[in-house]
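Data first, discussion second: the structure below is written as structure tokens.
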């Protein structure tokens, strides 16, 4: 029985420093049949970097930034494989072992989806609920393309609800590191990007009736705050446990 085909999908926004190495590792994997990289309106040299890999990879260029969900949806539409592997363009220490760990449960029919829990060399674990490292069967995602496309940076939180939890396998990805926003940008820009991501995650959860309107309103208040300590205090006031845990884990990565 032949192995199901696999397409790797890499959305990238201003990842000129890291995306090339990510693509190199993916291309070296014997499990990958197709690689699609989406440039989501980058303002740096990301497009130039990924274009160097043509024709080994397919490149989708979105002229203006539309958000991660939109970029991923374009990759899903373009993919020709049964299984889709999603990897972020800002990974630093990706290996074939990480790729195998995410794909094997689907290839062996023991899960319908996998979500990677990244643990870097310092032992810091990125909450799997917002991890961009994951794999799905394409047929499971096609009915939800519009929702994925419109979820922007809340896309992973939305995708968590597509497959029943008992059919999703959490995979520990040891020694897999990434560049956090505060490592890519100055402090002010990084905080603004974190605030945007926090609000977009909250909007997705609210739309799916998983948080209260009160929690959403509290997060709108955060958009006016620039002090990290005050933002953390506001996050602490949230009563929805799932939302509080997700956002505190996300925002803690902004601490130097």
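Numbering (UniProt numbering), first residue to last: 1 to 256. Where a beta carbon is used, it is the ideal one built from N, C-alpha and C, also for glycine.
Measuring alpha carbon to alpha carbon, tell me which of 129, 104, 165 and 72 ends up nearest residue 144.
As a first step, residue 144 is located in the chain shown; it is residue number 144 there, counting from the start. Here the closest residue by C-alpha is 72.
Tell me, which residues are paired with residue 170 by DSSP?
Within the chain shown, numbered from 1, the residue matching residue 170 stands at position 170. Answer is 115.
Go ahead and pull the three-state DSSP assignment for residue 53.
On the chain shown, position 53 is the one that residue 53 refers to. In the structure shown, residue 53 sits in coil (DSSP, three-state: anything other than H, G, I, E or B).
Short Cβ contact (7 Å threshold) for residue 114 with residue 166:
Here residue 114 refers to the residue found at position 114 when the chain shown is read from its first residue. Here residue 166 refers to the residue found at position 166 when the chain shown is read from its first residue. For residue 114 and residue 166, no; Cβs fall outside 7 Å.
Looking only at DSSP bridge pairs, what is residue 178 linked to?
In the chain shown, the residue the question calls residue 178 occupies position 178. For residue 178, which the question treats as bridged, DSSP gives the partners 91.
DSSP bridge partner residues for residue 266 (one or two, in chain order)
Because the chain in this structure spans residues 1 to 256, residue 266 falls outside the shown range and cannot be described.
Is the closest heavy atom of the ligand NAD to the C-beta of residue 32 under 6 Å?
As far as ligands go, the structure on display features none, and thus does not contain the ligand NAD.
Closer than 7 Å to chain C by CB, residue 141:
Among the chains of the structure shown, chain C does not appear; only one protein chain is present.
Opposing strand residues paired with residue 6 [DSSP bridges]:
One-based indexing of the chain shown puts residue 6 at position 6. Partner(s): 83.
Proximity below 7 Å, CB of residue 215 to CB of residue 235:
Looking up residue 215 in the chain shown gives position 215. Looking up residue 235 in the chain shown gives position 235. No, these two residues do not count as a Cβ contact at 7 Å.
With 16 as the cutoff for other CB atoms within 10 Å, does residue 44 come out buried or exposed?
Translated into positions along the chain shown, residue 44 becomes position 44. Exposed, because fewer than 16 other Cβ atoms sit within 10 Å of the Cβ of residue 44.
Should residue 2 go down as buried or exposed, given a rule of 16 or more other Cβ atoms within 10 Å for buried?
In the chain shown, the residue the question calls residue 2 occupies position 2. With fewer than 16 other Cβ atoms within 10 Å, it is exposed.
Using 8 Å for Cβ pairs, my map puts residue 89 next to residue 19. What's the rounded Cβ distance?
Residue 89 sits at position 89 when you count from the first residue of the chain shown. Residue 19 sits at position 19 when you count from the first residue of the chain shown. Indeed they touch by this definition, with Cβ atoms about 4 Å apart.
Is it a yes or a no for the segment 144-156 touching the segment 93-103, going by three-plus beta-carbon pairs under 8 Å?
no
Spatial neighbours of residue 203 within its chain, please: C-beta separation below 8 Å, excluding the five flanking residues on both sides.
Here residue 203 corresponds to residue number 203 of the chain shown, with the count starting at 1. For residue 203, where only same-chain residues beyond five positions count, the Cβ hits under 8 Å are 154 and 216.
I'd like to know whether the C-beta atoms of residue 28 and residue 82 end up nearer to each other than 7 Å.
As a first step, residue 28 is located in the chain shown; it is residue number 28 there, counting from the start. As a first step, residue 82 is located in the chain shown; it is residue number 82 there, counting from the start. No, these two residues do not count as a Cβ contact at 7 Å.
List the endpoints of the continuous beta strand (DSSP E) containing residue 71.
As a first step, residue 71 must be located in the chain shown, where it is residue number 71. No beta strand (DSSP E) holds residue 71; the alpha helix (DSSP H) holding it covers 68-78.
Distance, Cα to Cα, residue 228 vs residue 132?
Stepping through the chain shown from its first residue, residue 228 is reached at position 228. Stepping through the chain shown from its first residue, residue 132 is reached at position 132. In a straight line, the C-alpha of residue 228 is about 24 Å away from that of residue 132.
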